[in-house]
Structure formats: structure tokens, C-alpha cells
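Numbering (the numbering used here), first residue to last: 92 to 142. Where is the CB? At the ideal position from N, CA and C, for every residue including glycine. Note that the coordinates shown come from a computational prediction; the quantities given were computed from them, not determined experimentally.
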């Protein structure tokens with residue numbers, strides 16, 4: 092689910108780190124820019140508890 096400049100994924104806890112690494116990699120390489128594209132991730136059981 093895309094929310095403005097955010098993406099929301101529902102991921103099984105066992106797969107979290109694998110999915111996180113893949114999302115960061117793909118987002119950082121989505122287009123070629125002359126500056127680095129910084130990608131931040133957070134996770135939690137709901138938005139209020141994301142770390």
C-alpha cells in the first residue's frame with residue numbers, strides 16, 4: 092500500500108529482515124540520480140508502535 096511518500100507492507104515476522112533488505116535495495120536503485128536516495132524503514136505491530 093502506498094501512502095504519499097511511504098509504503099506499507101504486511102510481512103510475517105520471520106521474513107521481516109529479508110523483505111526489509113530487498114525493499115531498501117530496490118527503492119535505492121529505482122532510478123539513477125546524481126545524489127544518493129536515502130531509504131528509511133520502520134517496523135512494528137501498528138503505526139503507533141513502529142521503531
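- In the structure shown, residue 107 adopts helical secondary structure according to DSSP, grouped into three states.
- With a cutoff of 8 Å on beta-carbon distance, residue 107 and residue 119 are scored as not near each other.
- Secondary structure at residue 114: helix, using DSSP grouped into helix, strand and coil.
- For residue 109, same chain residues with a beta-carbon under 7 Å away, outside a window of 5 residues either side, do not exist.
- Within the same chain, 111, 114, 115 come within 8 Å of residue 132 by CB-CB distance, once the 5 residues on both sides are set aside.
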